[in-house]
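First up is the structure itself, then whatever we jot down about it.
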Ligand code: FES
Ligand SMILES: [Fe+2]
């Protein structure tokens, strides 16, 4: 069927990424071609974004029967909709008759799906009702002509899709990440703001940037005064994710324009030590989770071109906090909008610089092992040789020479 995603062969060989798959103290960064070559992005879209679980949105956008939102994954246009039986489902957004797009508005509520072309009707579970003038057709089974379903699962209020239909269950994809967030109910939080960014950089450069705070003193003076770049710990774990936390110092309470929460209570489930921490997680391939004492921020990354990424950044708060008279999330949103833009600028500089024929892959500093961990997820997948490279964390220098715990292999299996 023309609508399925075909998985091409990797354009990057194990040899091409051999220098990445070394201990961090010896490794080199990804070959520059992976940031620029359209064939590489085509492969990543089909094999990674279309070949396994990807975060696409929030359950809160489809809570009641008929509520839906549209997403595009690996060039495939999809609709996520709540059925009249309460089940959340995803379908390809196209009619089985002549293939017209079914739904055009990015979100809303439906009673049923009705094709705008010849008015074929499907119910909220994707089942085709008998179309006009089809009752004399031979070998035409309504049950075989419903909307084409896409595999869907949820975790912590987040919606994930697997276009391939063949990935291991979502729980397996998440590894032991859920354990790190089990004390929270992030699905109960509600979106207060969303900002979309169109960044002139490869999506992997953006994940690399998110994975380190080596750049923070120079690029983010506002952030670095609240959570200094060298204070924090890696979170060890299994699965295609990386995690760490950073310390909120002194009298500061959270990451906001003045470092204050403005009376917002801590998110339910927060432990005493979490009041002075900001947690950062990268979940392969496209979801960034930033958990503050009083709010959650997520980034979803959608590659558009090798040098262009659409980023959806959203801020979520406890509904009780949002119900307070005068609730205003601007201090958190403005803080991160500034920080985001500072990040996008340096990502764009990396994108431009690595176009040069003179650039050869650089080295990882001692506080970039999470960058290396992500690059290893990338490199192992390009290599397609079944080997998952273990991450050797370089101990982090901290306050008074304190050395942060060297975490295990985020994104890697522990050696047997
Ligand atoms: S294309 Fe949908 S009814 Fe004809
Ligand atoms: Fe940054």
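In this note's numbering, the protein residues as written are 220 to 635. Glycine included, every Cβ here is placed at the ideal spot set by N, Cα and C.
(1) Would you report the Cα separation of residue 594 and residue 265, rounded to the nearest angstrom?
(2) Return the residue from the list 349, 288, 456, 608 that minimises the CA-CA distance to residue 392.
(3) Whole angstroms are fine: how far does the CA of residue 504 sit from the CA of residue 376?
(4) Residue 367: which of 300, 570, 425 sits nearest, CA to CA?
(5) Would you mind giving the Cβ-Cβ distance between residue 289 and residue 325, rounded to the nearest angstrom? I have them listed as a contact below 8 Å.
(6) Helix, strand or coil, according to DSSP, for residue 434 in the structure here?
(7) Express the C-alpha separation of residue 565 and residue 438 in angstroms, rounding to a whole number.
(8) How many Å lie between residue 598 and residue 236 at the Cα?
(9) Quick one: does the C-beta of residue 296 sit closer than 7 Å to a heavy atom of ligand 1?
(10) Answer yes if the segment 396-409 comes into contact with the segment 420-434, meaning at least three C-beta pairs across the two stretches below 8 Å, and no otherwise.
(11) Give the residues whose C-beta lies closer than 5 Å to at least one heavy atom of ligand 1, in chain order.
(12) Is any heavy atom of ligand 2 found at a distance shorter than 7 Å from the C-beta of residue 476?
(13) What are the complete alpha helix (DSSP H) segments, minimum 4 residues, inside the segment 529-561?
(14) Which runs of the beta strand (DSSP E) spanning at least 3 residues fall entirely within the segment 306-361, listed in chain order?
(15) Decide yes or no for the touch test of the segment 380-387 against the segment 266-282: beta carbon pairs closer than 8 Å, at least 3 of them.
(16) Measure the alpha-carbon distance for residue 479 versus residue 471 and round it to whole angstroms.
(17) Could you name the residues that DSSP lists as bridge partners for residue 414?
(18) Looking at residue 435 and ligand 2, is the gap between the Cβ and the nearest heavy atom below 7 Å?
(19) With distance defined between alpha-carbon atoms, name the residue in 246, 227, 526, 602 nearest to residue 255.
(20) Assign residue 448 to one of three DSSP states: helix, strand, or coil.
(21) Pull up the DSSP beta-bridge partners for residue 368, would you.
(22) Please return the same chain residues whose Cβ sits closer than 6 Å to the Cβ of residue 581, not counting the five positions on each side in sequence.
(23) State the CB to CB distance for the pair residue 331 and residue 343, rounded to an integer number of angstroms; the pair is presumed to be in contact (CB under 8 Å).
(24) Between residue 403 and the rest of its own chain, which residues show a CB-CB distance below 8 Å, the 5 nearest in sequence each way excluded?
(25) Starting from residue 248 and walking both ways along the alpha helix (DSSP H), at which residues does that stretch end?
(26) Would you mind reading off the limits of the beta strand (DSSP E) that contains residue 425?
(27) Where does residue 341 land, buried or exposed, given buried means 16+ other C-beta within 10 angstroms?
(28) Could you check what DSSP says for residue 634 in three-state terms: helix, strand or coil?
(29) Can you tell me whether residue 471 is helix, strand or coil according to DSSP?
(30) Is residue 384 buried or exposed, if buried means 16 or more other CB atoms sit within 10 Å of its CB?
(31) Run the proximity test for residue 421: is its beta-carbon closer than 7 Å to any non-hydrogen atom belonging to ligand 2?
(32) Quick check on residue 574: does DSSP put it in helix, strand or coil?
(33) Can you tell me where the alpha helix (DSSP H) with residue 398 in it begins and where it stops?
(34) Considering just the uninterrupted stretch of the alpha helix (DSSP H) at residue 591, what are its terminal residues?
(35) My output table needs one value for residue 466: the three-state DSSP class, helix, strand or coil.
(36) With a threshold of 16 other CB atoms inside 10 Å of the CB of residue 606, please say whether the residue is buried or exposed.
So, from the listed chains and residues:
(1) Each residue's CA atom was taken as its position, placing residue 594 and residue 265 some 19 Å apart.
(2) Nearest C-alpha to residue 392: 456.
(3) One C-alpha to the other measures close to 18 Å.
(4) With distances taken between Cα atoms, residue 367 lies closest to 300.
(5) With 8 Å as the limit, residue 289 and residue 325 qualify as a contact, their Cβ atoms being about 5 Å apart.
(6) In the structure shown, residue 434 sits in coil (DSSP, three-state: anything other than H, G, I, E or B).
(7) One alpha carbon belongs to residue 438, the other to residue 565, and they sit about 8 Å apart.
(8) Each residue's Cα considered, the two are about 6 Å apart.
(9) For ligand 1, not one heavy atom lies less than 7 Å from the Cβ of residue 296.
(10) No, the segment 420-434 does not touch the segment 396-409.
(11) Counting every residue whose Cβ lies closer than 5 Å to a heavy atom of ligand 1, we get 314, 316, 317, 319, 334, 336, 337, 339.
(12) Residue 476: no, Cβ never under 7 Å from ligand 2.
(13) If only uninterrupted alpha helix (DSSP H) runs of at least 4 residues are considered, those enclosed by the segment 529-561 are 538-542.
(14) Correct list: 307-311, 326-328.
(15) With a cut-off of 8 Å, the segment 266-282 and the segment 380-387 count as touching, because enough Cβ pairs lie within range.
(16) Taking the straight line joining both Cα atoms gives about 6 Å.
(17) Under DSSP, the beta-bridge partners assigned to residue 414 are 532.
(18) Relative to the non-hydrogen atoms of ligand 2, the Cβ of residue 435 comes within a distance shorter than 7 Å of at least one.
(19) Residue 526 is the option with its Cα nearest to residue 255.
(20) Of the three classes helix, strand and coil, the one that applies to residue 448 here is coil, per DSSP.
(21) DSSP, once it has assigned bridges, lists 310 as partnering residue 368.
(22) Taken in chain order, the residues that qualify are 248.
(23) Between residue 331 and residue 343 a beta carbon distance of about 6 Å is seen, short of the 8 Å cut, so the two are scored as contacting.
(24) Only residues of its own chain outside the window of five on either side were considered, and among them 375, 486, 487, 488, 489, 510 have a CB closer than 8 Å to the CB of residue 403, listed in chain order.
(25) Boundaries cannot be given for residue 248, as no alpha helix (DSSP H) includes it and DSSP labels it neither H nor E.
(26) Secondary structure note for residue 425: it is in no beta strand (DSSP E), and the uninterrupted alpha helix (DSSP H) holding it is 422-429.
(27) Buried is the call here.
(28) Confidence is the limiting factor: at residue 634 the pLDDT is only 28, short of 50, which leaves the residue's position unreliable and the question unanswerable from this model.
(29) In the structure shown, residue 471 sits in coil (DSSP, three-state: anything other than H, G, I, E or B).
(30) Looking at its Cβ environment, which holds fewer than 16 other Cβ atoms inside 10 Å, residue 384 is exposed.
(31) It does not: the Cβ of residue 421 is nowhere closer than 7 Å to a heavy atom of ligand 2.
(32) When secondary structure is reduced to three states using DSSP, residue 574 falls in the coil class, being assigned neither helix nor strand.
(33) From DSSP, the alpha helix (DSSP H) with residue 398 extends over 396-400.
(34) Its alpha helix (DSSP H) spans residues 588-602.
(35) In the structure shown, residue 466 sits in a strand (DSSP, three-state: E or B).
(36) Burial is judged here by how many other beta carbons sit within 10 angstroms of a residue's own beta carbon; residue 606 has fewer than 16 and is exposed.
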